[in-house]
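Encoded as structure tokens, the structure appears first; notes follow it.
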Amino acid sequence: MLMEKIYRGEFDLELIKSNPSEVNEANVARIVDRFRGLLKGYPPGELEAGGTLPADLLREMRTGGFFGLSIETEYGGQGLNLNEYLKVVDEMASLDMAVAFTFLAHLSIGIKAIQLFGTGEQKHKYLTRAASGEMIFAFALTEPRIGSDAQHIETTAVPGPDETHYVLNGQKTYITNANYAGGLTVFAQLDPKRPGFMGAFIVETGWEGVRVGKEMPKMGLKASSTAPIQFKNVRIPKENLIGRPGEGFKIAMSVLNYGRLGLGASSTSVMNISVRDMLERASSRVQFQIPIRSFQLVQEKIVRAEVAATVSSAMNRLVAGILQNQPLLPAAIETSHCKLFGTTRAWDAVYDALQVAGGAGYLKILPYEKRMRDARVTTVFEGTTEVHSIYPALLGMRHIQKELKETGRSHLSLMPQLLKLLLKREKWPVSFENRVLRKALREAKKCAKAARVLLISGLLFYGKSIAKDQAANREFLLRRITNLSLYTFGILALLARADEKQTAGTLETEYLRILEYFAAEAKEARRTNYRLFDSKKEKLNSTLFRDFLARRSKDKDSTGQDAKGADESQISAARAGA
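Have a look at this one:
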């Protein structure tokens, strides 16, 4: 999509000028007000203590239409477009993230495969029930032994002897909505000899052989449902295969684009409420005879969170506008940036908000403790921070390799092609009359060029191994490329929003200053990250790790089971109990 072209030295102006779908603010406000009213009878503390959503609350969520927000009206949903839906998620997550995540998991990932790839019959049968809340959905991909490496899941689905059904066996874990769900989107290997040749299936939890485990005790989001699911000889009708055999991994990755946007929106919400709380606390708290908002280090925290919230919102809005018009457009890099930036900056904002609150922030009676526990998992699920810190660069390298190799050449013979791509003159046929916008665009170009040079230089210098088996040994480089790519995308998203505002006559000075701030931050990041080879510190990191590992190996016999073993045994015991 946008960043793929930029990696090749091209900039598609139409993509950032593609007008996002209009947001019916009045309708969004009505939905949020309805949700706020619903929560009045269910204080967050009581929901946490109960560890589950009461049946009455789930019933009210059904009758309130919350499970059908983004489902098409022809199936009984409310038909919100993607930007409207993300706006609702943003607002609702600020009220109670655990409750919001129940329908977020249902809509963003639970039913999304059916919406994007399902047959007319599948949509009519399941989306209608999903929209009414009669059948809440969950997304079942993660397994006890397989997390980020989704292509190598171990659950299998093999054709039955009469070829009218598949037989599903395996287990999934950490499944959000597991004990609320009546329907699952399950991913399984279709041929154990062909890892990644997967299928996506609609599975009903009431079928014979499906066993949903007990709730897994969690740090946060305690009222949401998270549990393991086991499948033993489950017969799945062939008509419940979504898409074609072998398309399961592609379907999973497409669905996760939408899940990442949902996380981006909820993260923006966390940043906004953190800014609100910091401003209130910093204005009322007086130290040394002046409000603490007068101190630069407090101001820095507030500004940093406000800028991040604005950037995150612009990123989500840009991608949502594009996907609304082209739902299957490859957007893995862009949504990865949305997820990485949103969740990591939200965590920073939560941390800073507690810090500004001082000793009071550590009290359980204030919202910071619950907010930190609820927000923490967002940097783990839908792809960990570590995965998203290298994924865009890795994906960009693999796509370039694949395109060039389609000519049938060896890697060595591709070097002239890579050099040509490296020296290719960039095409950015766009400028702005406004000085601030023009200057920000120049910084975006510099970051983009730096990312492109490192990406192609990495392929030239390290060969195909960097994009395959040796990626683990080049993660520092991949992270530097991703950082440069993220700042490029962030500036472009802000520029897209600025262009909208300028057209509407609402481009204010504060927004221009936020753009200047982020462009200045990007410049600092570019100077830090624009290098092909690892720094001395990064090299020492690898050496020290080997030293630590050797020492730990020597000590292991005398200390008994190591920490990892202890953690794994406790988790296994929890699953067995479930």
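Residue numbers (numbering that gives the first Met the number 0): 0 to 577.
By construction, the Cβ of each residue, glycine as well, lies at the ideal position given by its N, Cα and C atoms.
* How many Å lie between Met-96 and Leu-413 at the Cα? -> Within the sequence shown, numbered from 1, the residue matching residue 96 stands at position 97. Within the sequence shown, numbered from 1, the residue matching residue 413 stands at position 414. Straight-line Cα distance between these residues: approximately 49 angstroms.
* Could you give the DSSP three-state label for Lys-4: helix, strand or coil? => Position 5 of the sequence shown holds residue 4. Judged by DSSP in its simplified three-state form, Lys-4 adopts helix.
* Per DSSP, Thr-542 is paired with what? -> Within the sequence shown, residue 542 is the residue found at index 543, counting from 1. Partner(s): none; Thr-542 has no beta bridge.
* Asked: Going by other Cβ atoms of all chains shown within 10 Å of its Cβ, with 16 needed for buried, is Gly-119 buried or exposed?
  -> The residue labelled residue 119 in the question sits at position 120 within the sequence shown. So Gly-119 counts as exposed.
* To do: With DSSP as the reference, please indicate the residues paired to Glu-171 in a beta bridge.
  => Translated into positions along the sequence shown, residue 171 becomes position 172. Looking at the sequence provided, one finds Lys at residue 171 rather than Glu. Its beta-bridge partners are Ile-228.
* **Cα-Cα separation, Lys-426 to Glu-515** => Residue 426 sits at position 427 when you count from the first residue of the sequence shown. Residue 515 sits at position 516 when you count from the first residue of the sequence shown. Annotation: Lys-426 to Glu-515 spans about 23 angstroms, alpha carbon to alpha carbon.
* **Alpha-carbon to alpha-carbon, Pro-160 and Thr-377** => If you number the sequence shown from 1, residue 377 lands on position 378. If you number the sequence shown from 1, residue 160 lands on position 161. If you take the alpha carbons of Thr-377 and Pro-160, they lie about 42 angstroms apart.
* Pull up the distance between the alpha-carbon of Ile-235 and that of Pro-415, whole angstroms please. => For this step, residue 235 is matched to residue 236 along the sequence shown. For this step, residue 415 is matched to residue 416 along the sequence shown. For Ile-235 and Pro-415, the distance between alpha carbons rounds to 51 angstroms.
* Can you tell me where the beta strand (DSSP E) with Pro-244 in it begins and where it stops? -> Counting from 1 along the sequence shown, the entry for residue 244 is found at position 245. From DSSP, the beta strand (DSSP E) with Pro-244 extends over 240-245.
* Through-space distance from Leu-491 to Ala-503, alpha-carbon basis -> As a position in the sequence shown, residue 503 is number 504, starting the count at 1. As a position in the sequence shown, residue 491 is number 492, starting the count at 1. Going by the C-alpha atoms only, they are around 18 angstroms apart.
* Output the distance between the C-alpha atoms of Phe-116 and Gly-245, rounded to the nearest integer angstrom. => Taking the sequence shown and counting its residues from 1, the one referred to as residue 116 is at position 117. Taking the sequence shown and counting its residues from 1, the one referred to as residue 245 is at position 246. Their Cα atoms are separated by approximately 13 angstroms.
* Could you tell me which uninterrupted alpha helix (DSSP H) segments, each at least 4 residues in length, are contained entirely in the stretch 87-113, listed from first to last along the chain? => Taking only runs of at least 4 residues, the alpha helix (DSSP H) segments lying wholly in the stretch 87-113 are 96-103.
* Integer Cβ distance of Gly-50 from Glu-214, believed to fall under 8 angstroms -> Stepping through the sequence shown from its first residue, residue 50 is reached at position 51. Stepping through the sequence shown from its first residue, residue 214 is reached at position 215. About 7 angstroms separates the two Cβ atoms, so the contact holds.
* To do: Pull up the CB-CB distance for Lys-16 and Phe-10, whole angstroms please, since I reckon it's below 8 angstroms.
  => Within the sequence shown, the letter at position 17 stands for residue 16. Within the sequence shown, the letter at position 11 stands for residue 10. Rounded, the Cβ-Cβ distance is 11 angstroms, inconsistent with contact.
* Is the Cβ-Cβ distance between Asp-373 and Gly-219 less than 8 angstroms? -> Position 374 of the sequence shown, counting from 1, holds the residue named residue 373. Position 220 of the sequence shown, counting from 1, holds the residue named residue 219. Yes; because the gap between Cβ atoms is below 8 angstroms, this pair is in contact.
* Taking the DSSP output, what are the residues bridged to Lys-426? -> Counting from 1 along the sequence shown, the entry for residue 426 is found at position 427. Partner(s): Glu-9.
* Identify, in the order they occur along the chain, each residue of the same chain with its Cβ nearer than 6 angstroms to the Cβ of Pro-329, setting aside the five sequence neighbours on each side. => Locating residue 329 in the sequence shown gives position 330, counting from the first residue. The residues are Met-0.
* **Thr-184 (DSSP reduced to helix, strand or coil)** => For the purposes of this step, residue 184 is taken as the residue at position 185 of the sequence shown. Reduced to three states, the DSSP call for Thr-184 is strand.
* **Lys-369 versus Lys-363: straight-line alpha-carbon distance, rounded** => Numbered from its first residue, the sequence shown carries residue 369 at position 370. Numbered from its first residue, the sequence shown carries residue 363 at position 364. Approximately 8 angstroms between the Cα atoms of the pair.
* Have a look at Phe-136 and Val-202 and give me their C-alpha separation to the nearest angstrom. => Position 137 of the sequence shown, counted from the first residue, corresponds to residue 136. Position 203 of the sequence shown, counted from the first residue, corresponds to residue 202. Answer to the nearest angstrom: the Cα atoms are 10 angstroms apart.
* Asked: Between Gln-114 and Thr-343, what straight-line distance do the alpha-carbon atoms span, to the nearest angstrom?
  -> For this step, residue 114 is matched to residue 115 along the sequence shown. For this step, residue 343 is matched to residue 344 along the sequence shown. Between Gln-114 and Thr-343, the C-alpha separation is close to 29 angstroms.
* Kindly indicate which residue of Lys-338, Ser-282, Val-157, Glu-432 has the alpha-carbon position closest to the one of Val-233. => Locating residue 233 in the sequence shown gives position 234, counting from the first residue. With respect to the C-alpha of Val-233, the residue from Lys-338, Ser-282, Val-157, Glu-432 having the closest C-alpha is Val-157.
* May I ask you to list the residues that DSSP assigns as paired with Ile-513? => As a position in the sequence shown, residue 513 is number 514, starting the count at 1. DSSP, once it has assigned bridges, lists no residue as partnering Ile-513.
* Go ahead and label Ala-48 buried or exposed: buried means 16 or more other beta carbons lie within 10 angstroms of its beta carbon, across all protein chains shown. => Walking along the sequence shown from the start, residue 48 turns up at place 49. The residue is exposed, with fewer than 16 neighbouring Cβ atoms inside 10 Å.
* Asked: Can you list the beta strand (DSSP E) stretches of 3 or more residues lying completely in the stretch 191-225, in chain order?
  -> The stretch 191-225 contains these whole beta strand (DSSP E) runs: 197-203, 209-211.
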